[in-house]
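Report on the following structure.
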Amino acid sequence: MKHHLIALTAAALLLAPATAFAKTTHTAMPKAAHTMQRVHINRATARQLETLPGVGKKIAAEIVKDRPFKNMASLTTKIKGISAMNIKKLEGLVSFN
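With mature numbering (1 follows the signal peptide of the UniProt record, and there is no 0) as the guide, the letters of the sequence shown map in order to residues -22 to -1, 1 to 75.
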């Protein structure tokens, strides 16, 4: 009887999904951290722009509406709501040509 109980327990452990025993933790990933390539400001969709740090729906819509942009300076002069801190966050994540 004891051997049957051990065999049943072992079988249950082998057949149970691994996720049932795994400790899951969710860590917040910064926006655009998953982006391998730069986001092209003049071609990206609003949804793609929203993946950038400091760019929400409102700023993304403004960017799409006021295109084209030549550089960061033109972005800051045309788009209200983009702060110097947001510009620093965008450096290295966006391209213009």
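C-beta atoms are modelled at their ideal positions from N, C-alpha and C, and glycine is treated no differently. Treat the numbers as computed from the prediction; the structure is a model and nothing was measured.
Name, in chain order, the residues that DSSP records as bridge partners for residue i.
| i | result |
| --- | --- |
| residue 77 | The chain is shown only over -22 to 75; residue 77 falls outside these bounds and no answer can be derived. |
Less than 7 Å between C-beta atoms, sequence neighbours within five positions excluded: which residues of the same chain meet that for residue i?
| i | result |
| --- | --- |
| residue 37 | 57, 59, 60 |
Going straight from the alpha carbon of residue i to that of residue j, what length do you get?
| i | j | result |
| --- | --- | --- |
| residue 49 | residue 23 | 18 Å |
| residue 26 | residue 70 | 15 Å |
| residue 15 | residue 72 | 9 Å |
Can you tell me the Cβ-Cβ gap for residue i and residue j, rounded? I've got them flagged as a contact below 8 Å.
| i | j | result |
| --- | --- | --- |
| residue 20 | residue 45 | 5 Å |
| residue 34 | residue 40 | Rounded, the Cβ-Cβ distance is 10 Å, inconsistent with contact. |
What would DSSP say about residue i, mapped onto helix, strand or coil?
| i | result |
| --- | --- |
| residue 61 | coil |
| residue 40 | helix |
| residue 25 | helix |
| residue 53 | helix |
For residue i, which residues in the same chain have their Cβ closer than 6 Å to its Cβ, ignoring the five residues on either side in sequence?
| i | result |
| --- | --- |
| residue 42 | 24 |
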